[in-house]
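Beneath this line is the structure, given in C-alpha cells, with notes to follow.
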Amino acid sequence: MNSTPKEILSNYWGFESFRGSQEEIINAIINGQDVLGLLPTGGGKSLCFQVPALSKDGICIVISPLIALIENQVNNLQKLGIKAIGLKGGLKFNELDKLLDNCIYGNYKFLYLSPERLQQEFVQERIKSMNVSMFVIDEAHCISQWGHDFRPAYLSCSVLRQLHATPPVVALTATATKRVSEDIINSLELTFPLVIKDSFFRKNIGLEVQFTEDKRGYLKQYCQQVQQSAIIYVRSRRMAEELSKFLVQNNISATFYHGGVDQNKKTERLELWLKNNYKIMVATNAFGMGIDKPDVELVIHYQIPDSVENYFQEAGRAGRNGAFAKAIILTNTTDKVLVKKQFLDILPSVAHVKMIYKKLSTFFQIGYGEFTEARFHLNFNEFCSIYKLNTFVTYNTLQILDRNSVISLSENFSKKI
Ligand code: ADP
Ligand code: MG
Numbered sequence: 001m002n003s004t005p006k007e008i009l010s011n012y013w014g015f016e017s018f019r020g021s022q023e024e025i026i027n028a029i030i031n032g033q034d035v036l037g038l039l040p041t042g043g044g045k046s047l048c049f050q051v052p053a054l055s056k057d058g059i060c061i062v063i064s065p066l067i068a069l070i071e072n073q074v075n076n077l078q079k080l081g082i083k084a085i086g087l088k089g090g091l092k093f094n095e096l097d098k099l100l101d102n103c104i105y106g107n108y109k110f111l112y113l114s115p116e117r118l119q120q121e122f123v124q125e126r127i128k129s130m131n132v133s134m135f136v137i138d139e140a141h142c143i144s145q146w147g148h149d150f151r152p153a154y155l156s157c158s159v160l161r162q163l164h165a166t167p168p169v170v171a172l173t174a175t176a177t178k179r180v181s182e183d184i185i186n187s188l189e190l191t192f193p194l195v196i197k198d199s200f201f202r203k204n205i206g207l208e209v210q211f212t213e214d215k216r217g218y219l220k221q222y223c224q225q226v227q228q229s230a231i232i233y234v235r236s237r238r239m240a241e242e243l244s245k246f247l248v249q250n251n252i253s254a255t256f257y258h259g260g261v262d263q264n265k266k267t268e269r270l271e272l273w274l275k276n277n278y279k280i281m282v283a284t285n286a287f288g289m290g291i292d293k294p295d296v297e298l299v300i301h302y303q304i305p306d307s308v309e310n311y312f313q314e315a316g317r318a319g320r321n322g323a324f325a326k327a328i329i330l331t332n333t334t335d336k337v338l339v340k341k342q343f344l345d346i347l348p349s350v351a352h353v354k355m356i357y358k359k360l361s362t363f364f365q366i367g368y369g370e371f372t373e374a375r376f377h378l379n380f381n382e383f384c385s386i387y388k389l390n391t392f393v394t395y396n397t398l399q400i401l402d403r404n405s406v407i408s409l410s411e412n413f414s415k416k417i
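Every letter in the sequence shown is one number past the one before it in UniProt numbering, and letter 374, counting from 1, is 374.
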C-alpha cells in the first residue's frame, strides 16, 4: 500500500507535522488538481510538491530559475536517498541525452530544469516520452511582468500542458500580489486551481530600523556578533565590494556577490557561504532567490531596498529554521532624501496607500500588540517613515496618512476620516 503524506514526511524528512497549508496543497495535488500556492519565503513550498511526488507514480518535473537553486534542491533530495536529476548548464549533448534517458527508463522521481532548457525542442520531445506525475513551476512570479524578477523564458512553461494534458500543474511563489497571481493562472492555463495563500507573517524575525550617521560602525558591530550566517544587502556592485573589503579588514569572514561576478566565482562563493566558511555575504539583489539556508540569523539592509516588496523577500531570508532572527535596516539622513524623491512619485493617491497597506499588513499583520508580546523590536513608525507612510499604530488598527487624506484602515480598511 502507498504511504500517506504524513508517513512520507516523517520517513524521509523526519518532520512530525505539516506547516500552514502544506497538507491541503498536497492533498489537492494527489487528487490531480492544479494548484497556485502563495507561501512566504521559508514557508516550505518545496515539500508541497516533493511529498506528493513520492506518493505518485512517475517523475515530477520542476522548472526552477537558477542553477544554484537546482543544485541545492537536487543535492538535498539525493542526500535523502531520493532519485533526482538536475540539468546543469554546459552539458554535452550525449550527457544531456543520457540524463533524459534516465528520466524515461530509470525510475527517477524528480527532474529539475531551467525554463531556458525547457525551450529546447529536443528536451520537450523527451519529456513527452516520460511518465510525468506532475509539473511544478517554482518561483512562478518570474512568469509575470508585474513580478520583481520577470524572466521571458518562463513564458515557455505554457508548453508543458501540450506535452502532457493530464498531470496537475503546480505553481509556487512568495509573491502574493493579485496581478502576479492572475498572470500565473492565465499563462499556465491553470484549470480550476486550488489557490492558497498562507500568512506572510514571520513571527520569528525581529525587524529593526537603525537610524545612524555611522553605518559602518554599526555594521561592524552587528557582524562581529554573527555566529553562523548573515546577508548584507546593498544597492550597487561597488558598494558590495567595498563593504566586503571593509569587513575582511576588520577580521570578519565575508565575501561579496553581484551580477558582475563571474559564474564560477559565484558558485564557489555561494557554496562556501552555504557551508559557513564565509559568515557574511555582502550582495546586491542578484543574490538569494530561493536559496534555502536555514541558519541565516541576520539580514542587514545597508542601503534602503527599492520597494517594500523586495524588502519582504530579502528580510524573509532570515530565520528559515524557525529560530529567532533579525532584519535590520541601517538608514541615515541621506537615505531619507533619496527615498523621499523615489517614493513621492509612487505614493500619491489613496489607492496607492491602500495597496501598500495590504502589502504591509500581510507581512506585519495588524496587531502591533503581537510584536511587543513576542519581544519584537520593529520600530514601525521609523519603517513607515522611510517609505513615506505616516503611520499610527494601535492594537488592531493601523492608520496610514497619505499626503492628501487620512484613511483609517481597520480590519476592512474602509472608513475614510
Ligand atoms: P520556500 O521554498 O517556501 O522558501 P523551503 O521549501 O525551502 O521554503 O523550506 C524552508 C525550510 O523549511 C526548509 O529547511 C525545510 O526543510 C523546512 N520545512 C518545510 N516544511 C517543514 C515542515 N513541515 N516541518 C519542518 N520543517 C519544514
Ligand atoms: Mg523555494
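Using N, Cα and C, we set each Cβ at its ideal position, and we do this for glycine too.
Item to check | Sufficient close CB pairs (3 or more, under 8 Å) joining the stretch 114-134 to the stretch 37-44 | outcome: no
Item to check | Bridge partner(s) assigned by DSSP for residue 3 | outcome: Paired residues: none, contrary to the question.
Checklist entry - Curious, which full-length alpha helix (DSSP H) runs of at least 4 residues does the stretch 42-75 contain? => result 45-55
Next on the checklist: Let's see if you can read the secondary structure: which residues bound the beta strand (DSSP E) around residue 37?
Outcome noted: 35-38
Item to check | Minimum C-alpha distance to residue 192 - residue among 22, 250, 7, 28 | outcome: 28
Item to check | C-beta atoms of residue 279 and residue 240 nearer than 8 Å | outcome: no
Checklist entry - Tell me which same chain residues have a C-beta within less than 6 Å of the C-beta of residue 12, skipping the five on either side of it? => result 80
Next on the checklist: Using a Cβ-Cβ distance cut-off of 8 Å, determine whether residue 101 contacts chain C.
Outcome noted: The chain inventory of the structure shown lacks chain C, comprising one protein chain alone.
Checklist entry - Can we count residue 114 as close to ligand 2, meaning its CB is less than 7 Å from some heavy atom? => result no
Next on the checklist: Suppose the cutoff is 6 Å on Cβ atoms and the five residues either side in sequence are ignored; what does the same chain contact list for residue 287 look like?
Outcome noted: 257
Next on the checklist: Buried or exposed for residue 183, going by 16 or more other Cβ atoms inside 10 Å?
Outcome noted: buried
Checklist entry - Roughly how many angstroms lie between the CA atoms of residue 131 and residue 167, to the nearest whole one? => result 10 Å
Checklist entry - Of all the beta strand (DSSP E) runs that stay within the bounds of the stretch 235-276, which reach a length of 3 or more residues? => result Those beta strand (DSSP E) runs which fall completely within the stretch 235-276 and span 3+ residues are 254-257.
Item to check | Contacting residues, own chain, Cβ-Cβ under 8 Å from residue 204 (five flanking each side not counted) | outcome: 319, 322, 323, 324, 325
Checklist entry - What number of angstroms, rounded off, separates the C-alpha of residue 220 from the C-alpha of residue 250? => result Between residue 220 and residue 250, the C-alpha separation is close to 8 Å.
Item to check | C-beta atoms of residue 284 and residue 237 nearer than 8 Å | outcome: yes
Item to check | Within 8 Å, strictly: CB atoms of residue 232 and residue 282 | outcome: yes
Item to check | Contact set for residue 482: own chain, Cβ-Cβ below 7 Å, skip 5 residues either direction | outcome: Residue 482 falls outside the range modelled here, since the chain spans only 1 to 417, and no answer is possible.
Next on the checklist: For a test of your reading of the model: does the CB of residue 315 fall under 7 Å from any non-hydrogen atom of ligand 1? Yes or no.
Outcome noted: no
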